[in-house]
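Everything on this sheet refers to the single structure shown next.
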Amino acid sequence: MTSPANRTPLPHVVVLGTGGTIAGSGAAAADTSYVAGVIDVGSLVRAIPGIDALARIDYRQICQIDSCDMDFARQLQIGDVVRGTLADPDVDAVVLTHGTDTMEETAYLLHLTISSDKPIVLVGAMRPADAISADGPGNLLAAVATAASPLSRGCGVLVVLDDQIHSARHLTKKHTTRVGAFGSTHGPIGEIVARRPRFHTQPLRRYGADSMFADAPITNLPPVEIIVGRAGMPPALLAAVIASGAAGLMYVGHGHGTVPVDVQDLLAQAATEGLAIVRTTRVAGGTVARNGAVPDDRLGLIAGDDLGAEKGRILLALALTHTRDPLQIQQIFDTH
Ligand code: ASP
0 MTSPANRTPL
10 PHVVVLGTGG
20 TIAGSGAAAA
30 DTSYVAGVID
40 VGSLVRAIPG
50 IDALARIDYR
60 QICQIDSCDM
70 DFARQLQIGD
80 VVRGTLADPD
90 VDAVVLTHGT
100 DTMEETAYLL
110 HLTISSDKPI
120 VLVGAMRPAD
130 AISADGPGNL
140 LAAVATAASP
150 LSRGCGVLVV
160 LDDQIHSARH
170 LTKKHTTRVG
180 AFGSTHGPIG
190 EIVARRPRFH
200 TQPLRRYGAD
210 SMFADAPITN
220 LPPVEIIVGR
230 AGMPPALLAA
240 VIASGAAGLM
250 YVGHGHGTVP
260 VDVQDLLAQA
270 ATEGLAIVRT
280 TRVAGGTVAR
290 NGAVPDDRLG
300 LIAGDDLGAE
310 KGRILLALAL
320 THTRDPLQIQ
330 QIFDTH
């Protein structure tokens, strides 16, 4: 038998709270009307029986909001807190509770900008904390189990919901209300079995210490807008984006990122005026290849690879802190 003195100390996991439905309240059953971001992170942690057998847990509230109110400033602030927390040699991992609506954007920003290889796990819930069959407690327990595991080191930012482990690079919210709301472009990278993470694969693109943006001293990000394209798009729409001071645009095209001929001319003109334009697609899966359906070289555009508009917006904003050259931005999209 192992004496208490010989037992390996539990990993030290800090749970950082930002709000969302996981901290929501007000639902009588499986109701969808409730207020997100109400219950403090300490109460969420303390309500889970057995969580302290997985890790030595501390917690801190960063903000308390519905994640549709996230913006670059708040996301950069969260990044600073995560980075600062992980810099403490006594801390082994961070869990970040977050609303599911913009979880993919915050997760991807942290994935690209934090060099630490200690586990960073985002977690949320689709049902508020006081709903019947609330999913938050089980998700939080699974997130702490994932964060506490040495297997999660160096995997980049992970998102745990519904017993699945997703890489921040591929995660997308796919359903408005169901508990199994998340999916990944190429499938989850692991799952939780018996309170332990089991990984099946690893993210391959640049992230963490290998990212171009690792620990970059970024205090704000340039505005990047999103337009869902269509034939006959009024030129005034694009003019408004330029007039708003946007530095970049995610253009959501059809199919393989196709752009109607009349809109191609507008985009090409905007590109010559200095707007960095990335083509992506409204289709849920697949890649938008450079010079595939659209002559990017001739039009001065950038192909968005397999990133959707929301995560692409994060990468484009980061890329614009380095360069405005479309070919260099293309290189960043090809490698991150
Ligand atoms: N509106 C909520 C939020 O993103 C939804 C959720 O957390 O599931 O904050």
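Read left to right, the sequence shown gives residues 0 to 335 (numbering that gives the first Met the number 0). We put the beta carbon where it would ideally sit given N, CA and C, even for glycine. These numbers come from a predicted model, not from an experiment.
Verify whether the separation of the beta carbon atoms of residue i and residue j is less than 7 Å.
i    : j    : result
L85  : S115 : yes
G207 : R197 : no
S66  : D91  : no
A193 : L53  : no
I276 : L300 : yes
V158 : L109 : no
A167 : A106 : yes
Q76  : G16  : no
L293 : V258 : Checking the sequence, you will find Val at residue 293 rather than Leu. Going by C-beta atoms, V293 is nearer than 7 Å to V258.
H199 : S183 : no
G252 : G291 : no
V14  : V40  : yes
L111 : S210 : yes
V94  : A142 : yes
H335 : L315 : no
V287 : G256 : yes
A302 : R289 : yes
Could you check which residue in the options has the C-alpha nearest to that of residue i?
i    : options                   : result
G123 : L108, L109, L139 and A213 : L139
L266 : G285, G254 and D296       : D296
E309 : V37, R278 and E272        : R278
M232 : R73, A246 and Q263        : Q263
P149 : D324, R168 and I119       : I119
A245 : G252, H199 and L236       : L236
P221 : V94, L111, R323 and C62   : R323
G186 : R195, T171, T176 and H253 : T171
L341 : D89, I64, S32 and G41     : Residue 341 lies beyond the range of the chain shown here (0 to 335); nothing can be said about it.
G254 : R289, G284, A242 and A269 : G284
G25  : I241, A238 and P127       : P127
I191 : T175, A144 and R6         : A144
For the alpha helix (DSSP H) that residue i lies in, which residues bound it at each end?
i    : result
L157 : No alpha helix (DSSP H) contains L157, which is instead part of the beta strand (DSSP E) from V156 to L160.
R297 : D295 to L298
T112 : M102 to T112
I241 : P234 to A242
A147 : G135 to A147
L121 : L121 -> not in any alpha helix (DSSP H); beta strand (DSSP E) instead, spanning I119 to V122.
T334 : P325 to T334
Could you check where the beta strand (DSSP E) with residue i kicks off and where it finishes?
i    : result
E272 : Neither: E272 is in no beta strand (DSSP E) and is coded neither H nor E.
M249 : G247 to G252
I420 : No answer is possible for residue 420: it lies beyond the span of the chain, which begins at 0 and ends at 335.
K310 : Segment A308 to A318 is the alpha helix (DSSP H) holding K310; no beta strand (DSSP E) there.
P196 : R195 to F198
G189 : G189 to V192
I225 : V223 to V227
L95  : A92 to T96
T171 : L170 to K172
F181 : F181 to S183
V12  : H11 to G18
Is the beta carbon of residue i within less than 6 Å of some heavy atom of the ligand FMN?
i   : result
S42 : Here the bound small molecules are the ligand ASP; the ligand FMN is not part of this structure.
Any Cβ of chain D within less than 7 Å of the Cβ of residue i?
i    : result
L319 : The question asks about chain D, but that chain is absent: this structure has only one protein chain.
Fill in: Any alpha helix (DSSP H) of 4 or more consecutive residues that is wholly inside the segment 25-86
40-45 and 71-85
Discussion item. Does the segment 44-52 come into contact with the segment 71-83, if we say contact requires no fewer than three beta-carbon pairs (one atom in each stretch) closer than 8 Å?
Written reply: no
Practice prompt. Decide yes or no for the touch test of the segment 15-23 against the segment 129-144: beta carbon pairs closer than 8 Å, at least 3 of them.
Written response: yes
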